[in-house]
Amino acid sequence: MKQLLKAFKTEIAPTKEQARKIVCSMGICRFLYNQYIAYNKKLYWMYQRGFLDSHQKRFVSANDFDKYVNHTLKQELPWINECGSKARKKTFVNAEAAFRKFFDGLAGFPRFKKKSRQNVKLYFPRNNKGDWKIWRHKLMIPTLKHVRLKEYGYLPVGLAVTSGTVSYEAGRFYVSVVVDVDEKSKYNNDLEATYHPEEEGVGIDLGIKNLAIVSDGRTFKNINKSSKVRKLEKRLRRRQRQLSRKYEFKKKKGGMSATASANIDKQKRKVQKLHQRIQNIRKDHENKTIHEIVKQKPRFITVEDLNIKGMMKNRHLAKAVAAERFYSFLSKLKRKAEIIGIEMRVADRFYPSSKTCHDCGYVHKGLKLKDRVYICPKCGYTADRDFNASLNLRDAKEYRVA
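So for the sequence shown, this note's numbering puts the first residue at 1189; every next one is plus one.
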């Protein structure tokens, strides 16, 4: 029977002691991550100035630094033991991956993690039989013991959990577990035979005016233009101005009292909660759009290879492009199509899908971005610009399978 790894994420309700331990462990992981970066930054500085030759290590591996922490650093800082060894080791593995990407030319030099902007998660593998055991209302997390769930019955009961991660976002605690599910499992809704195959495939044109325009006539709106998101963004700007004024007041006074510090922390929390709420609305709309696209199970889906980095360089469109989350949308669509068995096609980045007439094939090179209706100068074919592009993507002859 075919096995599939699937992740489930939900909110947890830890006790005060458990919450203290989670926050403390994340602080230790952040500290050790920064120690690893600082140590390797010094080695890289020596390598740049010729003190190390090309055969010597330009950075310390995760295993070697873990030994240094266990044998040396823990003797000087015994509070490191308050964090689990597996979580610490995973932190070093992530830091090592960041350095390998840098030396492979895939990313910039790794940066230190700031407390107010940290993205540290606690990773716990399943080493013992009782680890990550799930009940309807609670689960067993290594080093934290039994933790209550806020959403009953969402996590799969009775299935094998391979590993899990605990995270902290905007004052809330979340847990994400990776579970082995099979094709016939009730938890694997993606593979249920509720789809109706069609003979034709579909082309999808992504845009800013609307999120996705499908060649079968369906249009999925841009959720960022809704009144709900606009009101939240307006409230977010107001909260951010209030936070900025608190910092300006602190600079004028030349110091910060305990009360002022507490007020700044509370204001930060308000800003973080609004950011999280807007992000959740966008994710929800994104997931629902993908579900509506794939639930008819077309024979194939064709999308365009978008130059998202280049689009972000346009200062007039950068904010709107970032809010649309194109990369996340395409990644999830590809994964969903792979699970269900739909062929995912990617047209070339320079394929003129918007400028090509779907009726006669004429390429209208004079078409501008402000022209929202496509009018063919040769045959007079008239259609919505984005819908015309989706039809051309559907009928594209040159593509690569993602």
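Beta carbons: idealized from backbone N, C-alpha and C, even for Gly. Remember, predicted model here, so these are calculated numbers, not experimental data.
Taking the beta strand (DSSP E) that residue i falls in, what are its first and last residues?
{"i": "GLU1357", "result": "1349 to 1357"}
{"i": "ASN1398", "result": "1398 to 1402"}
{"i": "ARG1360", "result": "1360 to 1370"}
{"i": "VAL1345", "result": "Careful: VAL1345 lies outside any beta strand (DSSP E) and carries neither H nor E."}
{"i": "VAL1308", "result": "Run containing VAL1308: none; DSSP gives neither H nor E here."}
Short of 6 Å in beta carbon distance, which residues of its chain neighbour residue i, apart from the five on each side in sequence? Order them along the chain.
{"i": "THR1353", "result": "LYS1309, TYR1311 and SER1364"}
{"i": "ALA1195", "result": "SER1364 and VAL1366"}
{"i": "LEU1192", "result": "VAL1369"}
{"i": "ILE1401", "result": "ASP1393, THR1407, ASP1574, PHE1575 and SER1578"}
{"i": "LEU1332", "result": "GLN1206"}
{"i": "ARG1218", "result": "LYS1301, GLN1306 and VAL1308"}
{"i": "ASN1410", "result": "ASN1398 and LEU1399"}
{"i": "GLY1272", "result": "THR1331"}
{"i": "LYS1289", "result": "ALA1295"}
Leaving out five residues on either side along the sequence, give the residues of the same chain with a beta carbon under 7 Å from the beta carbon of residue i.
{"i": "ILE1225", "result": "ALA1283, PRO1298 and PHE1300"}
{"i": "VAL1561", "result": "THR1570, ASP1572 and ARG1573"}
{"i": "TYR1587", "result": "THR1490, ARG1533, VAL1534 and ALA1535"}
{"i": "GLY1318", "result": "MET1328"}
{"i": "ALA1506", "result": "MET1500"}
{"i": "ASN1222", "result": "PHE1300 and LYS1301"}
{"i": "SER1249", "result": "GLU1284"}
{"i": "THR1477", "result": "LEU1399, ALA1400 and PHE1408"}
{"i": "HIS1325", "result": "ARG1336, LEU1337 and TYR1340"}
For residue i, report the span of its alpha helix (DSSP H) as first-last.
{"i": "GLY1215", "result": "1204 to 1236"}
{"i": "ASN1251", "result": "1250 to 1256"}
{"i": "PHE1514", "result": "1514 to 1528"}
{"i": "ARG1582", "result": "1573 to 1582"}
{"i": "ARG1246", "result": "From DSSP, ARG1246 is part of no alpha helix (DSSP H); its letter is neither H nor E."}
{"i": "ILE1411", "result": "Where ILE1411 is concerned, there is no enclosing alpha helix (DSSP H), given that its DSSP letter is neither H nor E."}
{"i": "PHE1538", "result": "From DSSP, PHE1538 is part of no alpha helix (DSSP H); its letter is neither H nor E."}
{"i": "VAL1589", "result": "No alpha helix (DSSP H) contains VAL1589, which is instead part of the beta strand (DSSP E) from 1587 to 1589."}
{"i": "ILE1496", "result": "1496 to 1500"}
{"i": "VAL1561", "result": "From DSSP, VAL1561 is part of no alpha helix (DSSP H) but of the beta strand (DSSP E) over 1561 to 1563."}
{"i": "ALA1295", "result": "From DSSP, ALA1295 is part of no alpha helix (DSSP H); its letter is neither H nor E."}
Residues bridged to residue i by DSSP?
{"i": "GLY1597", "result": "The structure shown does not extend to residue 1597, since the chain is modelled only from 1189 to 1590, so the question has no answer here."}
{"i": "VAL1336", "result": "The identity of residue 1336 in the sequence shown is Arg, whereas the question assumes Val. DSSP output for ARG1336 lists ALA1201 and LYS1326 as bridge partner(s)."}
{"i": "LYS1194", "result": "VAL1367"}
{"i": "PRO1313", "result": "SER1351"}
{"i": "GLU1531", "result": "PHE1488"}
{"i": "THR1570", "result": "ILE1563"}
{"i": "VAL1551", "result": "THR1544"}
To the nearest angstrom, how far is the alpha carbon of residue i from that of residue j?
{"i": "VAL1390", "j": "MET1328", "result": "44 Å"}
{"i": "LYS1422", "j": "PHE1538", "result": "37 Å"}
{"i": "ALA1262", "j": "VAL1211", "result": "Position check: residue 1262 holds Lys in this sequence, whereas Ala was assumed. Cα-Cα distance, rounded: 19 Å."}
{"i": "LEU1521", "j": "LEU1555", "result": "29 Å"}
{"i": "LYS1255", "j": "TYR1235", "result": "23 Å"}
{"i": "LEU1581", "j": "GLU1492", "result": "7 Å"}
{"i": "SER1304", "j": "TYR1356", "result": "12 Å"}
{"i": "THR1382", "j": "GLN1467", "result": "In this prediction, THR1382 has a pLDDT of 45, which is less than 50 and means its spatial position is unreliable; what the coordinates show is noted afterwards. The straight-line gap from Cα to Cα measures roughly 30 Å."}
{"i": "ALA1419", "j": "LEU1265", "result": "The residue you asked about is not Ala; residue 1419 is Lys in the sequence shown. Whole-angstrom Cα-Cα distance: 48 Å."}
{"i": "LYS1543", "j": "LYS1274", "result": "54 Å"}
{"i": "LYS1286", "j": "ARG1433", "result": "Per the sequence presented here, residue 1286 reads as Ala, with Lys not at that position. Each residue's Cα considered, the two are about 36 Å apart."}
{"i": "HIS1259", "j": "LYS1338", "result": "40 Å"}
{"i": "PRO1540", "j": "VAL1551", "result": "8 Å"}
{"i": "THR1198", "j": "GLY1395", "result": "31 Å"}
{"i": "PHE1514", "j": "ARG1503", "result": "17 Å"}
{"i": "ALA1450", "j": "GLN1430", "result": "14 Å"}
{"i": "HIS1546", "j": "ILE1563", "result": "11 Å"}
{"i": "CYS1567", "j": "LYS1553", "result": "15 Å"}
{"i": "GLY1498", "j": "LYS1209", "result": "43 Å"}
{"i": "LEU1231", "j": "PHE1239", "result": "9 Å"}
If I measure Cβ to Cβ from residue i and keep anything under 8 Å in the same chain, skipping five residues before and after, which residues do I get?
{"i": "ARG1427", "result": "GLN1455, LYS1458, VAL1459 and LEU1462"}
{"i": "LYS1531", "result": "The sequence shown places Glu at residue 1531, rather than the Lys named in the question. Here the set comprises GLY1389, ARG1487, PHE1488, ILE1489, ALA1525 and VAL1589."}
{"i": "GLU1480", "result": "ARG1406 and PHE1408"}
{"i": "ARG1618", "result": "The chain is shown only over 1189 to 1590; residue 1618 falls outside these bounds and no answer can be derived."}
{"i": "TYR1342", "result": "PHE1196 and THR1198"}
{"i": "ILE1216", "result": "TRP1267, ILE1268, GLU1270, CYS1271 and ARG1276"}
On a Cα-Cα basis, can you pick out the residue from the options that is closest to residue i?
{"i": "VAL1345", "options": "TRP1323, LYS1338 and GLU1357", "result": "TRP1323"}
{"i": "GLU1512", "options": "LYS1274, LYS1397, LYS1326 and GLU1421", "result": "LYS1397"}
{"i": "LYS1483", "options": "ILE1528, GLN1467, ASP1368 and LEU1347", "result": "ILE1528"}
{"i": "ALA1201", "options": "TYR1515, VAL1335 and GLU1436", "result": "VAL1335"}
{"i": "ASN1412", "options": "ILE1530, ALA1508 and ALA1250", "result": "ALA1508"}
{"i": "GLY1359", "options": "ASN1502, PRO1313, HIS1325 and ASP1453", "result": "ASP1453"}
{"i": "HIS1473", "options": "PHE1290, VAL1281 and PHE1517", "result": "PHE1517"}
{"i": "ASN1315", "options": "PRO1330, LYS1326 and ARG1288", "result": "PRO1330"}
{"i": "LYS1229", "options": "ARG1246, PHE1239 and SER1213", "result": "ARG1246"}
{"i": "LEU1347", "options": "GLN1430, LYS1321 and LYS1416", "result": "LYS1321"}
{"i": "ARG1276", "options": "PHE1437, ASN1251 and PHE1291", "result": "ASN1251"}
I want to check one thing, is the minimum distance from the CB of residue i to the heavy atoms of the ligand GDP below 6 Å?
{"i": "LYS1230", "result": "The ligand GDP is absent from the structure shown, which contains no ligand whatsoever."}
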